[in-house]
Structures are given as C-alpha cells and as structure tokens.
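Structure record follows, encoded as structure tokens.
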Amino acid sequence: PAALALCSFLENHREKVNLQGKKVLELGAGTGLVTIVASLLGASVTATDLPEVLSNLRANVMRNTRGRCRQMPQVAALSWSYNLESTHPSSAHQYDYVLAADVVYHHDFLDELLATMKHFCKPGTAVIWANKVRLESDLTFTENFKKAFHTSLLYEDEDMKIFQGTCR
Amino acid sequence: TLIWIYHYAGQDIVIYES
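As structure tokens, this is what we get:
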C-alpha cells in the first residue's frame, strides 16, 4: 500500500520531488513498482532487495521499463546492515534520493534498515520513506528516523505517511 | 502507462496506471 501511495505522490508532486535526471536508490524494492515509476519519471534508479526476490524484481522492472526509459534501472542485492562501508563504500556512491516503501513492518532488522538509510544519505541526499504507521514498533522506528534525519512530513492520509529525511 | 507487477513469479498480478 505505501508503494502505491509513494508512486502516486511522486507522479503528482513533481515540483516537490523532481526525479528527472536524478540518481535514486530504492531499498527493499520488493516487486519493483516504485523503481518502475521513478524510472518512468526520468530517474536513474538502482533497485535493491534480498537476493531471493531479485529474479521477480528484475522481471517486473525489465518488463515495464524496457523501451520506455532513458536510463534503464539497475537491480542489485543489498542486505540492510550496520557495516556497509566495506561492501558499499561512501566514496563510491552519491544518490539524490533514497526511496523506501513498505519496509517497516514486523521484522527484526529495523535498526539495520535505519543504519542503511543513514549510510546512503549524504549532504544533498533526501531519504523518502513511505509506510503505514500503526504498531508500536512503527512508532519507535518513526521516532528513530526523526532523530537520525532532519525530517518533514510530505504526505499523510490516516495511517499512511510519507516522510522526507535529510542529513543532520 | 499500464504497469504489470507480479507479486510472486507468475502469481498475483497488480496493475497500476501511471
């Protein structure tokens, strides 16, 4: 559901989030919808998720972007971790946007997710995170997100929220 | 643009109109 909300937001608020020609990383890309829409909006996107979902992700992304995008999206494995510097050194990446939808639910890697968001967020990067916020664990993550980043609420509809975070 | 998404390979199609 948050992926749908984020895609709709990105399509309808291009003056707020202009993806044209921007470098984008998606965390927990899952089925790939956000990556596909961001690519159609002109971004150069790298979609990441766990290795076991990449074949379906790649198939969805290729099927929906081939011949429709200036920059074909890339698909890569990425496990959320505290220690990304060894595998993804900060000197080797600079993203304009880090996108994440439906990544906060009942799982044991919320701290690693936040560490991953922080790792890829540099000055000039905006982390845009869309999620339904309902459970206690969701609220805790939201508080930690606000502590980690300068945070603004881009969109809200009942439980559905889209936050933007930039470097502190 | 119609976007066709498989949730899991070959099952549960979601269609999103961009």
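Sequences listed follow chains W and B, in order. If you count the first sequence from 1, position 98 lands on 101 in the working numbering, and the numbers rise without skipping. If you count the second sequence from 1, position 6 lands on 10 in the working numbering, and the numbers rise without skipping. Yeah, the Cβ is synthetic: ideal placement off N, Cα and C, and Gly gets one too. For clarity, every value in this text was computed on a predicted model and none was experimentally measured.
Q: State yes or no: is the C-beta of leucine 9 of chain W within less than 8 Å of the C-beta of alanine 95 of chain W?
A: Position 6 of the first sequence, counted from the start, is the residue given in the question as residue 9 of chain W. Position 92 of the first sequence, counted from the start, is the residue given in the question as residue 95 of chain W. Alanine 95 of chain W is positioned such that its CB atom lies no closer than 8 Å to that of leucine 9 of chain W.
Q) Within 8 Å (strictly less), CB to CB, does isoleucine 9 of chain B reach chain D? A) Here the protein chains are W and B, and chain D is not one of them.
Q. Would the beta-carbon of valine 78 of chain W fall within 8 Å of that of leucine 53 of chain W?
A. If you number the first sequence from 1, residue 78 of chain W lands on position 75. If you number the first sequence from 1, residue 53 of chain W lands on position 50. No, the pair does not count as a contact, with Cβ atoms beyond the cut-off.
Q | tyrosine 85 of chain W classed as buried or exposed, judged by whether at least 16 other C-beta atoms fall within 10 angstroms | A | As a position in the first sequence, residue 85 of chain W is number 82, starting the count at 1. Exposed, since its Cβ has fewer than 16 Cβ neighbours within 10 Å.
Q: Identify, in the order they occur along the chain, each residue of the same chain with its Cβ nearer than 8 Å to the Cβ of valine 106 of chain W, setting aside the five sequence neighbours on each side.
A: The count along the first sequence starts at 1 and reaches residue 106 of chain W at position 103. The residues are Leu30, Gly31, Leu116, Trp132, Asn134.
Q: Take the Cβ of glycine 24 of chain W as the centre, count every other Cβ of all protein chains shown within 10 Å, and call the residue buried at 16 or more, exposed below.
A: Stepping through the first sequence from its first residue, residue 24 of chain W is reached at position 21. Taking all protein chains in view, the Cβ of glycine 24 of chain W is surrounded by fewer than 16 other Cβ atoms within 10 Å, so the residue is classified as exposed.
Q: Using a Cβ-Cβ cut-off of less than 8 Å, give me the residues of the stretch 38 to 67 of chain W that come near chain B, in sequence order.
A: Those would be Ile39, Val40, Leu43, Ser58, Asn59, Ala62, Asn63, Arg66, Asn67, in chain order.
Q.
With a threshold of 8 Å, are at least 3 pairs of Cβ atoms found where one atom belongs to the stretch 141 to 149 of chain W and the other to the stretch 9 to 18 of chain W?
A. Verdict: no, contact absent.
Q.
Checking the sheet assignment: what are the DSSP bridge partners for methionine 163 of chain W?
A. Here the question's residue 163 of chain W lines up with position 160 in the first sequence. Per DSSP, the beta-bridge partners of methionine 163 of chain W are W:Lys135, W:Asp160.
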